[in-house]
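A.B. asks: Going by our numbering, the letters in the sequence shown line up with residues 7 to 69, in that order.
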Amino acid sequence: MLSKPFMTTHEIAELLKVGEPTVRSWIHGQELRAVKLGREFRVAVKDLEAFVNERATREPSWK
7 MLSKPFMTTH EIAELLKVGE PTVRSWIHGQ ELRAVKLGRE FRVAVKDLEA FVNERATREP
67 SWK
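#1: Considering just the uninterrupted stretch of the alpha helix (DSSP H) at Arg-30, what are its terminal residues?
#2: How is Glu-72 classed by DSSP in three states: helix, strand or coil?
#3: Only counting the same chain, and skipping five residues up and downstream in sequence, which positions put a Cβ closer than 7 Å to that of Lys-10?
#4: Which of the three DSSP states, helix, strand or coil, is assigned to Thr-15?
#5: What does the alpha-carbon distance come out to for the pair Thr-63 and Glu-26?
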């Protein structure tokens, strides 16, 4: 697991190599769970991991 408990939309966009509008779209579409703090969203690392795992095309080979 990553060392930070929450990530910004900017950090997620950089990590996943997508645009920030895409990340915000996932949040607004309730595909990616987030917490709104002021004007910014924060996503728990565990929720991001669950989001990515739900979209995996197959089971990892290391299981």
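We put the beta carbon where it would ideally sit given N, CA and C, even for glycine.
C.D. replies: By the coordinates alone:
#1: Looking up residue 30 in the sequence shown gives position 24. Boundaries of the alpha helix (DSSP H) around Arg-30: 26-34.
#2: Residue 72 is absent from the model: the chain starts at 7 and stops at 69.
#3: Position 4 of the sequence shown, counted from the start, is the residue given in the question as residue 10. Excluding positions up to five away in sequence, the list reads Val-51.
#4: Residue mapping note: residue 15 aligns to position 9 of the sequence shown, counting from 1. If DSSP states are grouped into helix, strand and coil, Thr-15 belongs with the helices.
#5: Taking the first residue of the sequence shown as position 1, residue 63 is located at position 57. Taking the first residue of the sequence shown as position 1, residue 26 is located at position 20. Answer to the nearest angstrom: the Cα atoms are 23 Å apart.
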